[in-house]
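Trainee: The sequence shown finishes on residue 131 if you use numbering that gives the first Met the number 0, and the numbering steps up by one all the way, no holes. Every residue, glycine too, gets a C-beta built ideally from N, C-alpha and C.
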Amino acid sequence: MASGELGVAQAGKIEHPGNVATWTATVLACAYILWIGGSLYYSTPIFTNMYNSMGVELNTPALFVIAAYRWLYPPIFAGAVVLVIAKQFFVRQKWFSLTITMGIAFAVGFIGNQIVMALYRPLFDLMEKLNK
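1) When DSSP labels each residue in this structure, what does PRO91 get in the three-state scheme?
2) Cβ of PHE88 versus every heavy atom of the ligand ADP: is any distance shorter than 8 angstroms?
3) Quick check on the burial criterion: 16 or more other C-beta atoms within 10 angstroms. Buried or exposed for PHE46?
4) So LEU118 and THR43 are in contact, right, with Cβ under 8 angstroms, and what is the actual spacing, rounded?
5) Using the three-state DSSP reduction, which class does THR122 fall into: helix, strand or coil?
6) In chain order, what residues of the same chain lie with their CB nearer than 6 angstroms to the CB of LEU5, ignoring the 5 residues before and after it?
7) Output needed for ARG120: all residues of its chain with C-beta closer than 8 angstroms, excluding positions within five of it in sequence on either side, in chain order.
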């Protein structure tokens, strides 16, 4: 009981109203992060097979992503989920907790977009060569 009252806390009364909002944001952010990580993890081999069948020469970012996705994606996306959940137990201020959650979600979205751009770049390069 963190309240200043003496006695038993009332049923149905939330002691820390910020907890509901921060936990809701945490669950939604974790679902978003896992969705991005899972979709990238399952789509990267499709790009690998497509580029191998087409005989496309890969640029350095695409080659790195394709070669390293099995060991690179889990620490990035699972690590972000662990950070968002761990933050719930160590950060007590509601606004700061929500700021960290949104910052991590935006960072993961940015990283995911950069990975997608690296995967699509060889395809765009091939289309440019074919249009000339």
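Mentor: The structure says:
1) Residue mapping note: residue 91 aligns to position 92 of the sequence shown, counting from 1. For the record, residue 91 in the displayed sequence is Arg; it is not Pro. Of the three classes helix, strand and coil, the one that applies to ARG91 here is coil, per DSSP.
2) This structure lacks the ligand ADP, and indeed carries no ligand of any kind.
3) Residue numbering aside, residue 46 sits at position 47 when the sequence shown is read from its first letter. Classification for PHE46: buried.
4) Stepping through the sequence shown from its first residue, residue 118 is reached at position 119. Stepping through the sequence shown from its first residue, residue 43 is reached at position 44. Confirmed, about 7 angstroms.
5) Along the sequence shown, one-based indexing puts residue 122 at 123. Per the sequence shown, residue 122 should be read as Leu rather than Thr. Reduced to three states, the DSSP call for LEU122 is helix.
6) Position 6 of the sequence shown holds residue 5. Residue placement at LEU5 is poorly supported in this model, since its pLDDT is 48, which falls under 50; the coordinates are not used for a value here.
7) Residue mapping note: residue 120 aligns to position 121 of the sequence shown, counting from 1. Sequence-distant Cβ neighbours of ARG120 in its own chain, meaning closer than 8 angstroms and more than five residues away, are ASN58, PRO60, ALA61.
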